[in-house]
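Chemist: Per UniProt numbering, the sequence shown starts with residue 1, numbered consecutively.
Dumping the structure here so I can ask a few things about it.
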Amino acid sequence: MSAPMIAWKPILNNFIRFLKSDSDTSSPVISFDLSPVEVHNVETAVEKRLRTLKHLLRANHINHAIFYSNLIFHNHMPHILGSAYILGADIEQLRSIYDKETQELTPWTPSPAEITSKEWRNYLGDKKYQRAYIDFFEDELALNFHFNWKNLVNEYLLGGKEPLINGLTSGLGHPLIHLSYAFELSCKELAIEALAQACLEYDFIHKYLDDPSYTKPSSTFTSTSPLKILQKIHDDEHFNNLFTHTGPANIEPLFNQCENQVLEYWNSWIIENPIEQFKESQVDAIKLLIQTVEPGPNKYDFFLVHILTTSHAIRILLPLLPPRFHLNLVRQWWLLTIAVYIAQLRPAIRTDPLEAPSGKDWKYVQGKALNGDWAKDSHYVKAIRAIKEIASNWGDVDNKHLAAAVRFADDFNGWTGFGLIRTRHNDPPKADSP
């Protein structure tokens, strides 16, 4: 085969795999037929504000590890930069966010060994290989995918009998959130980081999606409403006295001790109207964050906010994925929701309407996200943006989403729910250095 023909071989193989990816199933497919969101393409950026975002994302990719502080905490730089940009942050605000985030992050350190295409799955779940996975996917992008990062994602995320996509909600959904920013900002660096995170956060959760035997009709009850199921979980005595503290450390013991009960609730959510029920699930994600907290200055649950931001990430990704992956991705989110809700000791979810926001509009909320006391807190900014996007996607005739956003923006006074874990998210905001 001539050299030019050899050069075309990887492209041809990837194209064939792409054509097969949505046609090699004989079972009925439940599709969530949503329109794509707007893409802010940093790769072809001309406008200076978007170019600034591109430079900062690349600087973070080059200089800062994905995980820091004993490989426990995540690098959220792309999340807050992307959210702030889309909310309207100017160049100086973006730079200020970058400078603030870098105070917490750490530089890359070498991995114990390199990773190759023959044994790339051997190190799944081992965060010591974070640099090696970044190097591996960067090499793959250049050598085998001709710098087409979407083909790279298609191959490694969707390929095989146990595809990485079935574990995107591991690590509180950070790989999922990261991937959504990669597509929304059309950024190859974020795509590589998302693939690496999906490998590094790989844990037991994937088996429930890989193995269809875990998906079976509930023997007790069914509902089309996530909120009704969560309320039933709230009242279930099986989970009484299971944990003494909140926190993500409860999730694996929960499955070890109560797997049957958890899966029963997981399978009790039936999908009959995909679009309407996805909309309802997003509204319920807002309630889970906002209406588990009393009105007034208060701390919000750090882990429940991930239910909202992962739901928003799925909204971005669904129109871009082959339909055969849609239902599993949404059900992944639902399993995460159940696990986190129980791990956080099943707080009561109020259903009374929120007070109407008197004289406050979305411009006010955006101002709080970009200029308020908590404007440098990535999860605060992401939560506000997620609520705003839900209102934009589905409409907000009665201003209930605006009311939720105003309540959160005004009342937020830090994060709680960590249990015995001490993190920077427990602390009040500090003034920026001059």
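Where is the CB? At the ideal position from N, CA and C, for every residue including glycine.
Source: prediction; values computed, not measured.
Would you identify the three-state DSSP class for residue 337, choosing helix, strand or coil?
Modeler: helix
Chemist: Compute the Euclidean distance between the alpha carbons of residue 297 and residue 152, then round it to the nearest angstrom.
Modeler: 45 angstroms
Chemist: In this structure, does DSSP put residue 325 in helix, strand or coil?
Modeler: Of the three classes helix, strand and coil, the one that applies to residue 325 here is helix, per DSSP.
Chemist: Going by alpha carbons, who is nearest to residue 175 out of 266, 157, 119?
Modeler: 157
Chemist: How is residue 435 classed by DSSP in three states: helix, strand or coil?
Modeler: There is simply no residue 435 to check, as the chain begins at 1 and stops at 434 in what is shown.
Chemist: Taking the beta strand (DSSP E) that residue 133 belongs to, which residues open and close that run?
Modeler: Per DSSP, residue 133 lies in no beta strand (DSSP E); the unbroken alpha helix (DSSP H) holding it starts and ends at 130 to 143.
Chemist: Exposed or buried, what is residue 253 when buried is set at 16 or more other beta-carbons lying within 10 Å of its beta-carbon?
Modeler: exposed
Chemist: I need the DSSP call for residue 23, collapsed to helix, strand or coil.
Modeler: Legend: pLDDT at residue 23 = 42, less than 50; position of this residue unreliable, no value from coordinates given.
Chemist: According to DSSP, is residue 368 helix, strand or coil?
Modeler: DSSP places residue 368 in the helix class (H, G or I) of the three-state scheme.
Chemist: Within its chain, find whatever has a CB closer than 6 angstroms to the CB of residue 206; leave out the 5 residues flanking it on each side and keep chain order.
Modeler: 166, 167
Chemist: Please say whether residue 266 and residue 362 have beta carbons closer to each other than 8 angstroms?
Modeler: Note that the C-beta distance between residue 362 and residue 266 is not below 8 angstroms.
Chemist: Let me confirm a value: residue 25 is counted as buried when at least 16 other C-beta atoms fall within 10 Å, else exposed. Which label applies?
Modeler: At residue 25 the pLDDT is 42, less than 50, meaning the model places this residue with poor confidence and gives no usable figure here.
Chemist: Cutting at 6 angstroms between CB atoms, please list the residues of its own chain near residue 108, excluding the five before and the five after it.
Modeler: Within the same chain, residue 108 has close Cβ partners 65, 131.
Chemist: Going along the chain, which unbroken runs of the alpha helix (DSSP H) with 4 or more residues stay wholly within the region 64 to 107?
Modeler: 77 to 87, 91 to 102
Chemist: Evaluate the contact criterion for the region 371 to 388 versus the region 326 to 340: three or more CB pairs, one atom per stretch, below 8 angstroms.
Modeler: no
Chemist: Alpha carbon to alpha carbon, how far is residue 53 from residue 149? Give it in angstroms, no decimals.
Modeler: 19 angstroms
Chemist: Do the CB positions of residue 91 and residue 58 come within less than 8 angstroms of each other?
Modeler: no
Chemist: Tell me, please, which residues DSSP counts as bridged to residue 223.
Modeler: 269
Chemist: Classify residue 122: buried if its beta carbon has 16 or more other beta carbons within 10 angstroms, exposed otherwise.
Modeler: exposed
Chemist: Would you say residue 357 and residue 402 are within 8 angstroms of each other, going by their C-beta atoms?
Modeler: Yes, these two residues count as a Cβ contact at 8 angstroms.
Chemist: Would a C-beta distance cut-off of 8 angstroms place residue 360 and residue 397 closer than the cut-off?
Modeler: no
Chemist: Excluding the five sequence neighbours on either side, which residues of its own chain have a C-beta within less than 6 angstroms of the C-beta of residue 182, listed in chain order?
Modeler: Result list for residue 182: 190, 191, 194, in chain order.
Chemist: For residue 248, does the count of other Cβ atoms within 10 angstroms reach 16, so buried, or fall short, so exposed?
Modeler: With 16 or more Cβ atoms within 10 Å of its Cβ, residue 248 is classed as buried.
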